[in-house]
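To keep things clear, I will list the structure first and then write my remarks on it.
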Amino acid sequence: MKKLFLLFLLSNMMLNSQTNEQDKVQSAVEIFFDGFHKKDSILIKSVVHKSFSLNSASLRNNQSTLSNFNGDQFIKAVVTRSDDPDWKEILTSFEIKIDGILSNAWVGYEFWLGDKMSHCGVNSISLIKEADSWKIFNISDSRRKDCKKFSDEK
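Numbered per the working numbering, the sequence shown finishes at 160, counting up by one with no gaps.
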């Protein structure tokens with residue numbers, strides 16, 4: 007009976023630890039997008055790794071295309087963009103996996119320009135744990151036009 011209780015206690019502690027780490031990963035992602043919306047390079051850089059990069063996959067003329075950006079290019083484009091139209095990326099879902107110091111957040115999103123939905127897709131966000139914080143080292147996103155508004159699905 008003591009062994010069973012000890013096993014239950016240890017598994018519960020491991021589950022809570024995993025959930026705590028998942029919360030930290032989600033927090034890093036949310037801080038990134040908060041900085042994205044505010045055009046705040048300091049906030050963005052607080053949660054990205056020095057080798058941060060971005061990739062975008064889309065379908066154009068029935069051909070798969072992949073665009074690549076280094077982190078500095080991406081951050082510069084974000085902070086120097088025009089205020090009109092407003093950019094808004096609504097995060098619609100989170101699925102987080104962790105293996106030691108490596109994590110992936112699979113995050114559904116809608117991207118809006120002003121009051122018009124531009125596209126939707128998934129951000130596959132790769133993070134590495136440094137000390138006690140998670141740093142984003144890559145975001146690969148899909149971009150689709152055949153979107154159903156998340157608010158319509160509720």
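Ideal placement from N, C-alpha and C gives every residue a C-beta, glycine not left out.
task = Give a yes or no on whether the minimum CB-CB distance between Gly77 and chain B is below 7 Å.
result = Protein chains in the displayed structure number just one, and chain B is not present.
request  = Check each candidate in Glu95, Asn61, His125 and Phe100 and name the one with the smallest Cα separation from Lys45.
outcome  = Glu95
query = If you drop the 5 nearest sequence neighbours on each side, which residues of the same chain put their C-beta closer than 8 Å to that of Asn22?
reply = Summary for Asn22: the model assigns pLDDT 49, below 50, so the residue's position carries little reliability; its value from the coordinates is reported in the next sentence. Once the five neighbours on either side are set aside, Asn22 has no close Cβ partner at all.
task = Check whether the Cβ of Thr71 sits closer than 6 Å to any heavy atom of the ligand GTP, and report yes or no.
result = As for the ligand GTP, it is missing from this structure, which has no ligand bound.
Status (buried if at least 16 other CB within 10 Å, exposed otherwise) for Lys164 = Limits of the chain in this structure are 7 at one end and 160 at the other, which puts residue 164 out of reach.
task = Have a look at Arg149 and Lys30 and give me their C-alpha separation to the nearest angstrom.
result = 26 Å
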